[in-house]
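Asks:
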């Protein structure tokens with residue numbers, strides 16, 4: 004069959020949309036906006052809202068059920084913390100990378116702040132893990148003291164929610180974008196600033212921790228609370244929850260998931276302060292909660308990227324379809340017809356028989372002038388349907404423009420078959436057409452026929468021969484066919 008697999012796939016995919024015109028309009032609007040694939044603009048569907056609510060309920064149940072046991076001492080599982088923190092480092096870095104990708108694509112400044120919040124979290128966990136006592140050494144690496152790891156935890160759980168608050172503020176002030184020339188400046192400078200902050204905080208927690216309040220003695224976090232540092236961190240997290248959950252319109256799915264992450268961070272801090280010590284039940288649950296929340300937001304992002312990629316692929320199919328098809332009738336356009344004709348000529352031998360038909364409607368201008376362009380469009384659509392039904396599936400019907408149609412008939416094996424098809428076309432076209440407003444119109448057709456290989460052997464000569472025969476048919480009185488010479 005002439006229609007190759009590429010065009011067949013186009014046809015199958017395009018029929019998933021409601022109609023060509025709506026797809027074209029929507030596509031044009033989408034491609035004209037920088038927010039084409041912005042996750043912040045993704046509407047929270049009912050199913051997504053329920054999934055977010057269910058996850059929030061699960062977090063609440065975990066939090067409430069762990070409170071009665073939070074202060075109980077349990078076994079020390081040394082591999083637990085490095086395993087959890089290692090996973091979090093990787094997931095936070097990947098999440099940051101994905102948000103930087105969204106910033107690079109959409110130029111939305113809010114994404115830059117969100118990406119840096121996750122970058123900060125992923126970076127600050129590294130020295131926290133390395134300096135945590137009892138994991139890599141008894142007192143921790145990098146010359147850590149007994150206060151180093153807890154202060155890095157404070158910086159982490161204070162800095163990350165601050166980053167979320169900055170994101171929420173930037174998001175709430177509108178769709179501010181960075182200029183295209185400064186995108187890389189934003190990425191490089193923000194990365195450098197975030198890295199510098201983490202380096203300074205690490206330096207402070209290791210070499211200048213003696214100037215800071217004592218937050219832990221042994222495994223007891225009592226001083227973390229009484230020093231006022233813990234409550235400040237708790238208030239920052241509570242403020243972050245309120246900031247990112249502040250009502251916005253539209254309430255996007257990503258914003259709601261970010262609110263869940265802020266809530267999980269608040270649970271982490273609350274349980275840590277309430278447990279008042281390392282390796283308590285509350286301490287384990289706090290870190291497990293942060294891990295799950297971090298992994299869920301990463302999975303949500305990956306799922307959203309897959310969805311957006313699928314949407315983009317469908318739009319590409321629309322673009323390709325509209326490039327090869329007439330938007331009014333859905334028939335092949337001149338470009339597709341010529342490509343298919345060239346393809347058929349390149350894959351067939353000179354002993355093969357086929358024909359090119361050039362068809363022009365007689366009386367179409369009168370219908371268009373009398374009843375208007377909308378009536379003319381309805382007539383063209385009906386004629387296109389009739390032409391398609393008059394030939395075989397392997398034949399190609401195209402609209403070259405106006406009321407001119409061209410057909411590539413490969414299903415015929417001789418002149419008699421061609422004449423039978425042409426008679427079907429003429430009889431089909433001449434039938435009356437009832438317009439949407441009830442008006443009844445009719446037209447006829449003049450057809451020029453070029454046979455391969457008898458009259459022409461190239462695409463251009465076949466079309467020229469068919470056109471010349473068409474003009475002859477019109478000059479001789481219309482509503483007839485003429486073979487080319």
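Numbering (my numbering), first residue to last: 4 to 488.
C-beta atoms are modelled at their ideal positions from N, C-alpha and C, and glycine is treated no differently.
Just so you know, these numbers come straight off a predicted model, no measurement behind them.
(1) Could you tell me whether the region 201–209 touches the region 151–159, where touching means 3 or more Cβ pairs closer than 8 Å?
(2) Determine, using beta carbons only, whether residue 392 comes closer than 9 Å to chain D.
(3) Taking the alpha carbon of residue 449 as the reference point, which residue from 118, 471 and 81 has its own alpha carbon closest?
(4) With H, G and I counted as helix, E and B as strand and the rest as coil, what does DSSP make of residue 349?
(5) Just the Cα atoms here: how many angstroms apart are residue 395 and residue 375?
(6) Tell me which residue opens and which closes the beta strand (DSSP E) that residue 402 is part of.
(7) For residue 128, which of 164, 478, 85 and 338 has the nearest alpha-carbon?
(8) For residue 144 versus residue 121, is the C-beta distance shorter than 9 Å?
(9) Note down the Cα distance separating residue 219 from residue 293, rounded to an integer number of angstroms.
(10) Across which residues does DSSP place residue 255 in a beta bridge pair?
(11) Any contact between the region 70–85 and the region 106–117? By contact I mean 3 or more CB pairs, one from each, below 8 Å.
(12) Per DSSP, which residues does residue 179 bridge with? Please list them.
(13) What does DSSP give as the partner residue(s) for residue 220 in the beta ladder?
(14) Which of the three DSSP states, helix, strand or coil, is assigned to residue 242?
(15) Taking the alpha helix (DSSP H) that residue 451 belongs to, which residues open and close that run?
(16) How far does the beta strand (DSSP E) with residue 204 in it reach, from first residue to last?
(17) Let's test the definition: count the other Cβ atoms within 10 Å of the Cβ of residue 187 and tell me whether it reaches 16, buried, or not, exposed.
(18) Can you name the start and end residues of the alpha helix (DSSP H) that residue 364 belongs to?
(19) Where does residue 62 fall in DSSP's three states?
(20) Would you report the Cα separation of residue 388 and residue 458, rounded to the nearest angstrom?
(21) Once DSSP output is grouped into helix, strand and coil, what is the label at residue 374?
(22) When DSSP labels each residue in this structure, what does residue 408 get in the three-state scheme?
(23) Measure the alpha-carbon distance for residue 318 versus residue 176 and round it to whole angstroms.
(24) Where does residue 379 fall in DSSP's three states?
(25) Pull up the DSSP beta-bridge partners for residue 485, would you.
(26) Compare the C-alpha of residue 291 against each of 91, 359 and 392 and name the closest.
(27) Please classify residue 442 as buried or exposed, where buried requires at least 16 other C-beta atoms within 10 Å of its C-beta.
(28) Given residue 37, which residues of its chain have a CB within under 7 Å of its CB, disregarding the five upstream and five downstream residues?
(29) What's the gap between the Cα of residue 474 and the Cα of residue 361?
(30) Got a sec, what are the start and stop residues for the alpha helix (DSSP H) residue 104 sits in?
(31) What is the rounded straight-line gap between the Cα of residue 485 and the Cα of residue 446?
(32) Hey, out of 247, 190 and 282, whose CA is closest to residue 221's CA?
(33) Determine which residues share a DSSP beta bridge with residue 437 and list them.
(34) Shortest alpha-carbon distance to residue 409 belongs to which of 171, 341 and 352?
(35) Inspect the beta-carbon positions of residue 263 and residue 55 and report whether they are closer than 9 Å.
(36) With C-beta atoms as the reference, is residue 308 less than 9 Å away from residue 117?
Replies: According to the structure data:
(1) yes
(2) The structure shown has no chain D; it contains just one protein chain.
(3) Here the question's residue 449 lines up with position 446 in the chain shown. Per the Cα distances, 471.
(4) Position 346 of the chain shown, counted from the first residue, corresponds to residue 349. It is helical.
(5) Position 392 of the chain shown, counted from the first residue, corresponds to residue 395. Position 372 of the chain shown, counted from the first residue, corresponds to residue 375. Rounded to whole angstroms, residue 395 to residue 375 spans 32 Å at the Cα level.
(6) Locating residue 402 in the chain shown gives position 399, where the first residue counts as 1. Segment 399–404, the beta strand (DSSP E) holding residue 402.
(7) Locating residue 128 in the chain shown gives position 125, counting from the first residue. Looking at the Cα atoms, 85 is the closest of the given residues.
(8) Translated into the one-based positions of the chain shown, residue 144 becomes position 141. Translated into the one-based positions of the chain shown, residue 121 becomes position 118. Their beta carbons are not under 9 Å apart, which means residue 144 does not touch residue 121 by this criterion.
(9) The sequence position of residue 219 within the chain shown is 216, counting from 1. The sequence position of residue 293 within the chain shown is 290, counting from 1. Going by the C-alpha atoms only, they are around 21 Å apart.
(10) For the purposes of this step, residue 255 is identified with residue 252 of the chain shown, where counting begins at 1. In the DSSP assignment, the residues bridged to residue 255 are 46.
(11) no
(12) Mapped onto the chain shown, residue 179 falls at position 176. Paired residue(s): none; residue 179 is not in a bridge.
(13) Indexing the chain shown from 1 puts residue 220 at position 217. In DSSP, residue 220 forms a bridge with 223.
(14) Numbered from its first residue, the chain shown carries residue 242 at position 239. The answer is helix: DSSP assigns residue 242 an H, G or I state.
(15) The residue you call residue 451 lines up with position 448 of the chain shown. Taken as a continuous stretch (DSSP letters only), residue 451 belongs to no alpha helix (DSSP H), being part of the beta strand (DSSP E) at 447–455.
(16) Along the chain shown, read from residue 1 onward, the residue named residue 204 stands at position 201. Where residue 204 is concerned, there is no enclosing beta strand (DSSP E), although the alpha helix (DSSP H) it sits in stretches over 186–210.
(17) Looking up residue 187 in the chain shown gives position 184. So residue 187 counts as exposed.
(18) On the chain shown, residue 364 is found 361 positions in, with the first residue counted as 1. Run containing residue 364: none in the alpha helix (DSSP H); it sits in the beta strand (DSSP E), 357–365.
(19) Taking the first residue of the chain shown as 1, we reach residue 62 at position 59. Reduced to three states, the DSSP call for residue 62 is helix.
(20) Within the chain shown, numbered from 1, the residue matching residue 388 stands at position 385. Within the chain shown, numbered from 1, the residue matching residue 458 stands at position 455. If you take the alpha carbons of residue 388 and residue 458, they lie about 29 Å apart.
(21) Here the question's residue 374 lines up with position 371 in the chain shown. Three-state DSSP puts residue 374 in a helix.
(22) On the chain shown, residue 408 is found 405 positions in, with the first residue counted as 1. Looking at residue 408 - three-state DSSP - the assignment turns out to be strand.
(23) Within the chain shown, residue 318 is the residue found at index 315, counting from 1. Within the chain shown, residue 176 is the residue found at index 173, counting from 1. Going from the Cα of residue 318 to the Cα of residue 176 covers about 30 Å.
(24) Stepping through the chain shown from its first residue, residue 379 is reached at position 376. DSSP places residue 379 in helix when its eight states are reduced to three.
(25) Looking up residue 485 in the chain shown gives position 482. In the DSSP output, where bridge partners are listed per residue, residue 485 has 451.
(26) Here the question's residue 291 lines up with position 288 in the chain shown. Ranking 91, 359 and 392 by Cα distance to residue 291 puts 91 first.
(27) Numbered from 1 along the chain shown, position 439 holds the residue referred to as residue 442. Around the beta carbon of residue 442, fewer than 16 other beta carbons sit within 10 angstroms, so the residue counts as exposed.
(28) To locate residue 37, count along the chain shown from 1; it is residue 34. Reliability of the predicted coordinates at residue 37 is poor, the pLDDT of 40 falling under 50, and the value obtained from them is presented with this limitation in mind. So the list reads 109, 110 and 180, once near-sequence residues are dropped.
(29) In the chain shown, counting from the first residue as 1, residue 474 sits at position 471. In the chain shown, counting from the first residue as 1, residue 361 sits at position 358. Here the C-alpha atom of residue 474 lies approximately 10 Å from the C-alpha atom of residue 361.
(30) Residue mapping note: residue 104 aligns to position 101 of the chain shown, counting from 1. Element bounds for residue 104: 83–109.
(31) As a first step, residue 485 is located in the chain shown; it is residue number 482 there, counting from the start. As a first step, residue 446 is located in the chain shown; it is residue number 443 there, counting from the start. When rounded, the separation of the alpha-carbon atoms in residue 485 and residue 446 is 18 Å.
(32) Here residue 221 refers to the residue found at position 218 when the chain shown is read from its first residue. Out of 247, 190 and 282, 282 has the C-alpha closest to the C-alpha of residue 221.
(33) Position 434 of the chain shown, counted from the first residue, corresponds to residue 437. For residue 437, which the question treats as bridged, DSSP gives the partners 443.
(34) Counting from one through the chain shown, the residue named residue 409 turns up at place 406. Among 171, 341 and 352, the Cα nearest to that of residue 409 belongs to 341.
(35) Position 260 of the chain shown holds residue 263. Position 52 of the chain shown holds residue 55. For residue 263 and residue 55, yes; Cβs fall inside 9 Å.
(36) Translated into positions along the chain shown, residue 308 becomes position 305. Translated into positions along the chain shown, residue 117 becomes position 114. No; because the gap between Cβ atoms is not below 9 Å, this pair is not in contact.
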